[in-house]
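**Q** Letter by letter, the sequence shown follows residues 5 to 1077 in this note's numbering.
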Amino acid sequence: MSNTNSSFWVHKEGHKPELLCGSSASYTVVNGHFIMLVCSTIILGGFLKTLLKNSEVTVLMILSLLGFVIGQLAHNSIEVHKIVYPLLKTPSYSLYCYFSPMIIFMAALDVDFCILKNVFWQVLLIGLVSLLMTFIILGYVVLKFNKDLWDLQSSILFSMIVGMTDPVHSVNSLKTIGISKTYTDIIRGESMIICGFTSICFGVFRSDFLHISMFTEFRVILGLCLDILGSIICGYSCSRIIQFILTDLFSNTITSIILCISMVYMTFYIGESFGMSGMIALVTVGLNFDSLSFKPRIEVTITKFLIMFSSVYQQLIYTFFGIVIGCGETKYLRFHTVVFMLILFATVNFVRLLTIVLVSPLLMHANYEYNWRWGIVIAWSGIKGIFSLLLAPDIHNLADQKVESPQLFILYVQGISLMTMGINSYMMAHSARTLGLCATSLPRQMAIQNAIKHIQEIIQNTITLFKTEKVLTNVNWTLVEEKTKIEYIIPSSFEKQCNDGILSVEAARILISATKSFCPIQGKDNKFLLFVCHVVFSEEFEYAGHIITVMYIYPMIMHLWPMARELNVSGLISVNNYFVFLYIFQAAMKIISLKRKYFHQYWNTLEFLIMLVGIIDIFCIYFVKLRPDNFALIQMTVILGYFRIIRFIPFIKLIIPLLINIVDVQIKKRLRLMYSITKGYVKSQEDTKLLIKQISSRESVYQKLYEILETNKRDAVKELGLIEHEGRDVVIALKTRQAIRRVIAKALKNLTFLWSRGIIDKHEGIEMNKVFLAKIKALNNFPMAIPPPTPDKYLHNIVWLENKDVLIEFFKERAKLAYFDYGDVICREGEMPQGIYLIISGMAILHSSPPTFGIDSSLRSERGSKSMFTEYCTSGDIIGELSCLLKRETEYTAICETILQACFISLEDLYEGFDVFWPSLEYKIWLKFALSVAYQYFESSLIDEDLEFQKCVTFNLAYVETLSSYNEMTIDNVTMKFVIIVYGSVIDTKTEVPYLAPCILPKTCEQIQGTSDLSKLLVVQPSDPAKNTDDPKVMVSTGLRMSQREYNWKRKYEERNFPLSWNRSQTTRIQLP
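(1) Under the rule that 16 or more other beta-carbon atoms within 10 Å means buried, what is LYS520, buried or exposed?
(2) For LEU415, which residues from the same chain have a beta carbon less than 6 angstroms from its beta carbon, with the 5 sequence-adjacent residues on both sides left out?
(3) Name, in chain order, the residues that DSSP records as bridge partners for THR852.
(4) Only counting the same chain, and skipping five residues up and downstream in sequence, which positions put a Cβ closer than 6 angstroms to that of LEU113?
(5) Under a three-way DSSP split, which group does ILE490 fall into?
(6) My understanding is that VAL381 touches LEU441, with C-beta atoms under 8 angstroms, so please give their C-beta distance in whole angstroms.
(7) So SER104 and MET283 are in contact, right, with Cβ under 8 angstroms, and what is the actual spacing, rounded?
(8) Please list the terminal residues of the continuous alpha helix (DSSP H) segment that includes PRO105.
(9) Between PRO632 and THR641, what straight-line distance do the alpha-carbon atoms span, to the nearest angstrom?
(10) Which residue spans inside the stretch 136-208 form an unbroken alpha helix (DSSP H) run of at least 4?
(11) Pick helix, strand or coil for MET555, following the three-state DSSP scheme.
(12) Could you tell me the distance, in whole angstroms, from the CA atom of ALA898 to the CA atom of MET836?
(13) Since I believe ILE390 is in contact with ILE321 (beta carbons under 8 angstroms), could you give me their beta-carbon distance rounded to a whole number of angstroms?
(14) Decide yes or no for the touch test of the stretch 541-558 against the stretch 574-593: beta carbon pairs closer than 8 angstroms, at least 3 of them.
(15) Can you check whether the C-beta of GLU723 is within less than 8 angstroms of a C-beta belonging to chain C?
(16) So, is ILE158 buried or exposed, given that buried needs 16 or more other C-beta atoms within 10 angstroms?
(17) Using 8 angstroms as the threshold, is the stretch 706-725 in touch with the stretch 664-677, meaning 3 or more CB pairs across them?
(18) Cβ atoms of PHE815 and ILE909: under 8 angstroms apart, would you say?
(19) Tell me the rounded alpha-carbon separation between VAL343 and ARG356.
(20) Rank GLY834, THR878, VAL829 by C-alpha distance to the C-alpha of MET847 and give the top, closest one.
(21) CB THR966 to CB LYS1020, shorter than 8 angstroms?
(22) Throw me the rounded Cβ distance for the SER1016 and ILE780 pair, which I believe falls under 8 angstroms.
(23) Quick check on this structure: which residue in PRO566, ILE557, LYS599, LEU564 has the alpha carbon closest to the alpha carbon of VAL536?
(24) Given this structure, state the Cα-to-Cα distance separating ALA743 from ASP881, to the nearest angstrom.
(25) Quick check on the burial criterion: 16 or more other C-beta atoms within 10 angstroms. Buried or exposed for HIS79?
(26) Taking contact to mean at least 3 C-beta pairs separated by less than 8 angstroms, is the stretch 735-742 in contact with the stretch 690-704?
(27) Identify, in the order they occur along the chain, each residue of the same chain with its Cβ nearer than 7 angstroms to the Cβ of VAL990, setting aside the five sequence neighbours on each side.
(28) Determine the contact status of LEU69 and GLY426, defining contact as a CB-CB distance below 8 angstroms.
(29) Report the residue from LYS753, VAL88, ILE643, MET106 whose alpha carbon sits nearest the alpha carbon of ALA285.
(30) What residues in its chain sit with their C-beta under 6 angstroms from that of GLY71, if we drop five residues either side in the sequence?
(31) Can you list, in chain order, the residues of its chain with a C-beta nearer than 7 angstroms to that of ALA934? Leave out the 5 residues immediately preceding and following it.
(32) Would you be able to state if there are at least three C-beta pairs under 8 angstroms between the stretch 823-837 and the stretch 900-920?
(33) With 16 other CB atoms within 10 Å as the buried threshold, where does THR894 fall?
(34) Does the separation of the CB atoms of CYS907 and LEU799 fall below 8 angstroms?
(35) Measure the C-alpha to C-alpha separation of GLU817 and GLU916 and round it to an integer number of angstroms.
(36) Hey, is the stretch 165-179 in contact with the stretch 187-204, meaning 3+ C-beta pairs nearer than 8 angstroms?
Here you go:
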């Protein structure tokens, strides 16, 4: 068999491609069982990975040894050689093109580009310093300590390959222990820079028609820059195509994945075939993607496919190269081989440590979080992987002098790769844990991810449920309902637009009045001045000035063209005089109209300056005719002639509105982004509090973390209020769009349920699904700003009014507008309430001690901390609800953080409403308060309950029970799923265990007794509407039917039909039409 494996690589002959194992077979080549070898490797790799879950390096080591054994068998057996011969005759570049695209794309896809661009220069610096240190130190070590007599070019290529950091394995051990994403992206970004630069260098060496000696240093550097730039452009163009495929809502998921993978390979091959770097192109593609670049739920599927392919590819690569090493002569494997491998391993880590030491001062200056601890962790990140292994055969193929043992190139690279995967990965994770750099543990990360996923799945509610949410109280619900309907509503008049909520009441009144009463204004002013003003302020006059400027373009071109100027001197002079006369006439008209105010506008000043320069130009031309021998005068006239170009400056006036519109759009986009980020941050703090409460075992730790999270949430809510105050129309549009999106998502979920149960057939389901998806797609054109509703419309946002006309009209008559300046006090702690305040615009801060919930002071002294309680209230929130219900002192002080406008309903008017609409109105306010407390403190327990206010009113899914002191109540666990104390306190009559609000009574509690003057309990029944409606335990029916008092009051109101009046005092009566 010596003749069949005399060498692994043949020397170049002409332009034949270099082979991974170029030895010719001494037998007739037939189709063997190489495919079976590949499948067996995949199956064995999967079995080993399942058996050794947390040791991927062990799996790769076993597969490498197995490949070496198979190679040795092939070296001594023709039958085995027939099996592996397809691998041995495969060009090394082909293997590089087969395996590398998918893996580099997966690595780039996992990098957050928003983070990477902020630390790009640090990453680039680390990459360049690492490359330089690798060339110098590793190249010297290879030349000094290697006994295989490699030439200089082979040593340089080998040092470049060994210096490559694997972008996949370099951060795998850090991802599972909660290291900051910034540092994992720094490591991965540096490795991708080194891999991309190395791939370009090898591409230059690999080109058969090039030779380095033919190029100067400048041409080589220019070629590298063009390759990098071309690869980035190619990758960006292909990423746009892939993103278009993946974001198509109507595309099939499997088809999208197949097209995505195909485009990944096509991008790589396009880059390589045009002499660029396919690796850099795919890095650009991956960096342009994030979770928002995919159709919903397709990102997880694509990620799973990429992880599966990359895992299989790695197992095949290490097995294949183990076979190649085994097919070589074993006489070259000496003790020095092992020693040199250990020297290389130590040198690689030394180079990495030296690199981090050199760049640490800059990193510490650029990033305040960076310190020596992070430096130690990053120093262990120089892990080598499959990219080094795939390029290893090219060292021999591109070398000037061929060596007798080319398999040693692969052996050294594969050995260093396995050693760094095992040792460096362990040391990196161990260092991070020891130095306290782990942000969160793996179980906690998984718990947070599952909690967030669960919350996202259950927040699919109807419009009426959203109306009870605090952050959505000022949403334009009319527009939400319009956008979620199947057919669009096209307003045809100002009245229709006002009724639909598109126009405010004031705007509609002005427009209607203008169309009905437009007529010329009569007065005693001079008719000529009126005519001049009418002309000057008309759009035609403005456009006429721009037309004059446009007409002067051709004469200006002729004036600047010397030959044309000499042929048309008299004509150009006449045209110039004519245009100057027009400028004088334009300025005169404006001065007559505006008088002294003419110069208050900068554009008028500029036009006046242009007119003066034109007049001076005319006089200079005239004096030149008189004194043609005066050289200074001629020079001055020529210079003034070129100054005529300033006549085109007023064109900027046309561009400014466009620029303002662009800037305004960008500001609105920025406000939307800031509001969404802050809102998501507030929600994450709430979710984290629930999670910490579940997993924390020490009360002191939980209390400390709770205070931190509450402070963070409070600061974020304050920022939300300020953003809403500054960009109220933008926030309303954003909330409205989100509400529409969530309503459609809920409808899609219900459609899927009906489809899966066979209630809707397949054809109808597909058509309805297309309609909903089209509406989701139409939200991309949703306006970025919606005018805020008028003050009277905010009464519709009070949930306990249920949007009923009879209730709204009652309080609209009695409502008042209240205006507060910054720092004004709305109400003080300990004072009796004057009424409730519905905030229309602005923000207020509430300061108080922890809420008492009506608990006696003797019991309250044992509860919680004495720290101050702070909360922010913004547009749509209500201040003073509970105090008015109880007629007790206010428990907090409300101070305006901004200028604030509120709708005020006095205490007397509120209780008059209680009398007129007894008992439903007061009960509904208590029900709303009880639901708010229940969701605020027990959201995780009620996550599966649909306790929407309107449903609770209509179907009695939950109701409020009242207990006075020493009154008793029996708990029926069959008809009462949850009993929650939302106000006051009770005691278990059997065990005498006290329960203080807020609290969920345990199932063991059978009978309770009130211990406070007033206790309110929210009773949640099993979700069976029919059963709950007929339940005898339910309190008075509070449905949509009007009581006799409501009907009588409505008739009385219609008979009176008197106008409502608003006054603009500090707290004034308002007119709500």
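C-beta: ideal position from N, C-alpha, C; glycine also.
**A** On the basis of the coordinates in this document:
(1) In the sequence shown, counting from the first residue as 1, residue 520 sits at position 516. Below a pLDDT of 50, predicted positions are generally treated as unreliable, and LYS520, at 41, falls in that range; no measurement from the model is reported.
(2) As a working mapping, residue 415 is identified with position 411 in the sequence shown. Excluding residues within five positions, the ones whose Cβ falls inside 6 angstroms are ILE329.
(3) Indexing the sequence shown from 1 puts residue 852 at position 848. The identity of residue 852 in the sequence shown is Ser, whereas the question assumes Thr. Answer is PHE873, bridged to SER852.
(4) Translated into the one-based positions of the sequence shown, residue 113 becomes position 109. The residues are GLY290, PHE293.
(5) By one-based count along the sequence shown, residue 490 stands at place 486. Because the pLDDT at ILE490 is just 39, under 50, the model does not fix this residue reliably, and the point stays unresolved.
(6) Residue numbering aside, residue 381 sits at position 377 when the sequence shown is read from its first letter. Residue numbering aside, residue 441 sits at position 437 when the sequence shown is read from its first letter. Their Cβ separation, rounded to whole angstroms, is 6 angstroms, which keeps VAL381 and LEU441 in contact under 8 angstroms.
(7) Within the sequence shown, numbered from 1, the residue matching residue 104 stands at position 100. Within the sequence shown, numbered from 1, the residue matching residue 283 stands at position 279. That pair is a contact at about 7 angstroms.
(8) Reading the sequence shown from its first residue, position 101 is the one you call residue 105. Looking at the DSSP string, the run of the alpha helix (DSSP H) that includes PRO105 is 96-113.
(9) Numbered from 1 along the sequence shown, position 628 holds the residue referred to as residue 632. Numbered from 1 along the sequence shown, position 637 holds the residue referred to as residue 641. Answer to the nearest angstrom: the Cα atoms are 11 angstroms apart.
(10) 143-149, 156-166, 173-179
(11) Translated into the one-based positions of the sequence shown, residue 555 becomes position 551. It is helical.
(12) Counted from its first residue, the sequence shown places residue 898 at position 894. Counted from its first residue, the sequence shown places residue 836 at position 832. Cα to Cα, ALA898 sits roughly 13 angstroms from MET836.
(13) Start at 1 with the first residue of the sequence shown, and residue 321 comes out as number 317. Start at 1 with the first residue of the sequence shown, and residue 390 comes out as number 386. Contact flag correct, Cβ pair sits at about 5 angstroms.
(14) yes
(15) Of the protein chains in this structure there is only one, and it is not chain C.
(16) The residue you call residue 158 lines up with position 154 of the sequence shown. Correcting the residue identity first, residue 158 is Ser in this sequence and not Ile. SER158 comes out buried.
(17) no
(18) Within the sequence shown, residue 909 is the residue found at index 905, counting from 1. Within the sequence shown, residue 815 is the residue found at index 811, counting from 1. Yes, they are a contact pair.
(19) Your numbering for residue 343 matches position 339 in the sequence shown. Your numbering for residue 356 matches position 352 in the sequence shown. Using only the alpha carbons, I get a separation of about 20 angstroms.
(20) Here residue 847 refers to the residue found at position 843 when the sequence shown is read from its first residue. Looking at the Cα atoms, THR878 is the closest of the given residues.
(21) To locate residue 966, count along the sequence shown from 1; it is residue 962. To locate residue 1020, count along the sequence shown from 1; it is residue 1016. The answer is yes: Cβ separation under 8 angstroms.
(22) Numbered from 1 along the sequence shown, position 1012 holds the residue referred to as residue 1016. Numbered from 1 along the sequence shown, position 776 holds the residue referred to as residue 780. Contact flag wrong, Cβ pair sits at about 50 angstroms.
(23) The residue given as residue 536 occupies position 532 in the sequence shown. The shortest C-alpha separation from VAL536 is found at LYS599.
(24) As a working mapping, residue 743 is identified with position 739 in the sequence shown. As a working mapping, residue 881 is identified with position 877 in the sequence shown. Going from the Cα of ALA743 to the Cα of ASP881 covers about 18 angstroms.
(25) Here residue 79 refers to the residue found at position 75 when the sequence shown is read from its first residue. Buried, because 16 or more other Cβ atoms sit within 10 Å of the Cβ of HIS79.
(26) no
(27) The residue you call residue 990 lines up with position 986 of the sequence shown. Taken in chain order, the residues that qualify are LEU967, TYR999, ILE1012, GLN1013, GLY1014, THR1015, SER1019.
(28) Position 65 of the sequence shown, counted from the start, is the residue given in the question as residue 69. Position 422 of the sequence shown, counted from the start, is the residue given in the question as residue 426. No, these two residues do not count as a Cβ contact at 8 angstroms.
(29) Translated into positions along the sequence shown, residue 285 becomes position 281. When each option's Cα is compared against that of ALA285, the closest is MET106.
(30) Within the sequence shown, numbered from 1, the residue matching residue 71 stands at position 67. Same-chain partners within the cutoff: THR323, GLY326, ILE327.
(31) Here the question's residue 934 lines up with position 930 in the sequence shown. Around ALA934: VAL964, VAL986, LYS1020, LEU1022.
(32) yes
(33) Taking the first residue of the sequence shown as position 1, residue 894 is located at position 890. By the 10 Å Cβ count, THR894 comes out buried.
(34) The sequence position of residue 907 within the sequence shown is 903, counting from 1. The sequence position of residue 799 within the sequence shown is 795, counting from 1. Going by C-beta atoms, CYS907 is nearer than 8 angstroms to LEU799.
(35) Residue numbering aside, residue 817 sits at position 813 when the sequence shown is read from its first letter. Residue numbering aside, residue 916 sits at position 912 when the sequence shown is read from its first letter. Taking the straight line joining both Cα atoms gives about 12 angstroms.
(36) yes
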